[in-house]
Amino acid sequence: MGFTAVPRGRARGVTVAAVTAMVTAVAAPAWAAPGVDPGTVDRSADPGATIPISKVVSTPPIPPQPDVVLLVDTTGSMGPAIANVRTNLQQVITDVRAAQPSAEFAVASYRDEGDGPELFRVRQNLTADATALQTAVDGLTAAGGGDTPEAWVNALFQVSDGAIAYRSGSSRIVVLVGDAPSHDPSAGHTLAQATAALQADTARVLAVDVTGGGGGLNATGQASSLAAATGGQVVGSAPNTVTAAILSGLRDLDVTVTPTVTSCDPGLSVSFDAASRTQQSGTDVPFAETITVAGNAAQGATLHCTVDFLLNGLSGGPAFVEHISVKVNDVTPPTVVVDDRTVEATSPAGAVITYPASATDNVDGPLTPTCAPPPGSTFPLGATTVTCTATDAAGNTGSDTAVMRVVDTTAPTTRCVPTNNPSGGNVPGSDNPDGFYQLTATDIVDTKVDVYIGDAADPSVRFGPFPAGTKIKLVQAPGAQSRVKDGTGDIDYKVTLRGDAVITGVDDAGNRSTATCLVAPPPK
Numbered sequence: 002m003g004f005t006a007v008p009r010g011r012a013r014g015v016t017v018a019a020v021t022a023m024v025t026a027v028a029a030p031a032w033a034a035p036g037v038d039p040g041t042v043d044r045s046a047d048p049g050a051t052i053p054i055s056k057v058v059s060t061p062p063i064p065p066q067p068d069v070v071l072l073v074d075t076t077g078s079m080g081p082a083i084a085n086v087r088t089n090l091q092q093v094i095t096d097v098r099a100a101q102p103s104a105e106f107a108v109a110s111y112r113d114e115g116d117g118p119e120l121f122r123v124r125q126n127l128t129a130d131a132t133a134l135q136t137a138v139d140g141l142t143a144a145g146g147g148d149t150p151e152a153w154v155n156a157l158f159q160v161s162d163g164a165i166a167y168r169s170g171s172s173r174i175v176v177l178v179g180d181a182p183s184h185d186p187s188a189g190h191t192l193a194q195a196t197a198a199l200q201a202d203t204a205r206v207l208a209v210d211v212t213g214g215g216g217g218l219n220a221t222g223q224a225s226s227l228a229a230a231t232g233g234q235v236v237g238s239a240p241n242t243v244t245a246a247i248l249s250g251l252r253d254l255d256v257t258v259t260p261t262v263t264s265c266d267p268g269l270s271v272s273f274d275a276a277s278r279t280q281q282s283g284t285d286v287p288f289a290e291t292i293t294v295a296g297n298a299a300q301g302a303t304l305h306c307t308v309d310f311l312l313n314g315l316s317g318g319p320a321f322v323e324h325i326s327v328k329v330n331d332v333t334p335p336t337v338v339v340d341d342r343t344v345e346a347t348s349p350a351g352a353v354i355t356y357p358a359s360a361t362d363n364v365d366g367p368l369t370p371t372c373a374p375p376p377g378s379t380f381p382l383g384a385t386t387v388t389c390t391a392t393d394a395a396g397n398t399g400s401d402t403a404v405m406r407v408v409d410t411t412a413p414t415t416r417c418v419p420t421n422n423p424s425g426g427n428v429p430g431s432d433n434p435d436g437f438y439q440l441t442a443t444d445i446v447d448t449k450v451d452v453y454i455g456d457a458a459d460p461s462v463r464f465g466p467f468p469a470g471t472k473i474k475l476v477q478a479p480g481a482q483s484r485v486k487d488g489t490g491d492i493d494y495k496v497t498l499r500g501d502a503v504i505t506g507v508d509d510a511g512n513r514s515t516a517t518c519l520v521a522p523p524p525k
């Protein structure tokens, strides 16, 4: 006889041959290795960037760390069903542990309200000992029962009221095996109370509805209501295929996958297109993951996040933990600093300027900039723009400019030097009574300085410009008109002034200096 599964009120048909194959097959069905793919994400990204990742969570066929309670009806009509469980228990244990090696099992039984101590009994609390479990199942005998409804509502309440010592963090599944509905209330406990107790324990009910004279567990809809409320299901079975139905039901339970960010460095965050997804165990659950790098994330740093893909609120172990590493790219150029400078010219070529320049990078720290023209170069008169650049290890280039100014603010040196007479004879004595002078003017920048002759007695008089080195015969005539005439011989000009001669040297920058040529007036 076939059996049907009713997951949350929906029917599913399976043939007798298929059920038998589930029990007799040596190897469990092949599923993708449970876990999250990819489990490691290692990327580089700019600040403010987002990284889309397609995730696939391959869920195990059995929920993680299962605590499975076999709660079996041992009233008189259940003999063939109990025999099937007794014969194939080890196959159930083996198949479940093939998917979840940490699985533990418990065995309990129930009858009807008039069956005294057999109303509810824990035959074996949770254990990994397959021999102890077999002994407990071997001790199950079919007897009693009375009327058609049994007392499994009370049994379920007792299971979640402390009778079973569940492990912390386990997936709790109560496999209810019976062929009749339950009294409600049952031994003083209602179906609503039993449901609430199971929900508080986060235990799901897999109801194996055995065909027989009792009308079935779900004859009044109690089993389907209970399965829907606890996230379980109802599986129909003939008495001789109970263990096949148990295996089928365990593998057909829904699993809710919830991506949970357990840690994230500042500057990095992870989000998903759905807070959770619920599918049948053993299937692949897709998620669209988005990794976001904050705009102010520390550049050059490697940031980490860890995401645990919980199964029904429980950790599935390391295979379901994603490790994210994102190196934040350095996109900020170095800061380069070079300042304007103004210096005095030291030669006709200008001046040598040695100027400081610095560069600092937010990741690489201090850098050495390259400048053109470089420090220590000779800069000409005027303004020259200097450009300094620095490139960090990430290839970002920063620059700064400055203006180097070479100025000429130094006046030339102007002198009025006694010189020889027109014939080139001896230079006169210090009092220079004949008034022969050479006008000299030198400058550190200009090779040719213009020289002007003024009259100390008349500020409006100005002759020139004359080239430096000009030789004059200076005549002082207080009553005469100031004038300049060509000289003779080695003397360039004859200069007549009413007062002393004021000699002014002017360079190309307009800087000037003066000297006075003193000559005694002719005798009266």
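According to our numbering, the residues represented by the sequence shown are 2 to 525, in order. Think of the CB as a built atom: it goes at the ideal place given N, C-alpha and C, for glycine as much as any other residue.
query: When we look at the beta-carbon of Asp331 and count the other beta-carbons within 10 Å, is it buried (16 or more) or exposed?; result: buried
query: In the DSSP output, what is Val446 paired with across the bridge?; result: Answer is none; Val446 lacks a bridge partner.
query: So what does DSSP say about Pro367, is it helix, strand or coil?; result: strand
query: Here's the rule: buried if 16 or more other CB atoms are within 10 angstroms of the residue's CB, otherwise exposed. What is Ala144?; result: exposed
query: With DSSP collapsed to three states, give me the class of Ala403.; result: strand
query: Where do the N-terminal and C-terminal ends of the beta strand (DSSP E) with Arg463 fall, by residue?; result: Asp459 to Pro468
query: From Pro334 to Ser378, what does the alpha carbon distance come to, in whole angstroms?; result: 27 Å
query: Which class does Ala224 belong to by DSSP, given the choice of helix, strand or coil?; result: helix
query: Taking its Cβ as the centre, do 16 or more other Cβ atoms sit within 10 Å of Val57, making it buried, or is it exposed?; result: exposed
query: When the Cα of Asn421 is compared with those of Asp185, Ala82 and Tyr438, which residue comes out closest?; result: Tyr438
query: For Thr303, I'd like the list of residues in its chain whose CB is within less than 8 Å of its CB, leaving aside the five on either flank, ordered along the chain.; result: Ser326, Val327, Lys328 and Val329
query: For Gly163, which residues of its own chain have a beta-carbon under 7 Å away from its beta-carbon, when the five flanking residues on both sides are left out?; result: none
query: Look at the alpha carbon of Leu127 and the alpha carbon of Ala99, and state the distance between them as a whole number of angstroms.; result: 18 Å
query: Over the uninterrupted beta strand (DSSP E) stretch that includes Thr284, give me the two end residues.; result: Segment: none, Thr284 is in no beta strand (DSSP E) and carries neither H nor E.
query: Should Asn313 be labelled buried (16 or more other beta-carbon atoms within 10 Å of its own) or exposed?; result: buried
query: What's the C-alpha gap between Thr497 and Ala412?; result: 27 Å
query: To the nearest angstrom, how far is it from the Cα of Ala224 to the Cα of Ser55?; result: 39 Å
query: CB of Asp451 to nearest heavy atom of the ligand FAD: below 7 Å?; result: Of the ligands one can find in the structure shown there are none, so the ligand FAD has no counterpart to examine.
query: What is the DSSP secondary structure of Glu151, reduced to helix, strand or coil?; result: strand
query: Count the other CB atoms, across all protein chains shown, that sit within 10 Å of the CB of Thr242; report buried if there are 16 or more and exposed otherwise.; result: buried
query: Quick check: the Cα distance between Val27 and Ser169, rounded to an integer number of angstroms?; result: With a pLDDT of 32 at Val27, under the threshold of 50, the modelled position of this residue cannot be trusted; read the value that follows with caution. Their Cα atoms are separated by approximately 31 Å.
query: Which partner residues does Ser172 have in the DSSP bridge list?; result: Pro67
query: In chain order, what residues of the same chain lie with their CB nearer than 6 Å to the CB of Pro287, ignoring the 5 residues before and after it?; result: Val57
query: With DSSP run on the structure shown, which of helix, strand or coil describes Gly115?; result: coil
query: Of the choices Pro62, Pro48 and Asp113, whose alpha-carbon is the least far from that of Val73?; result: Asp113
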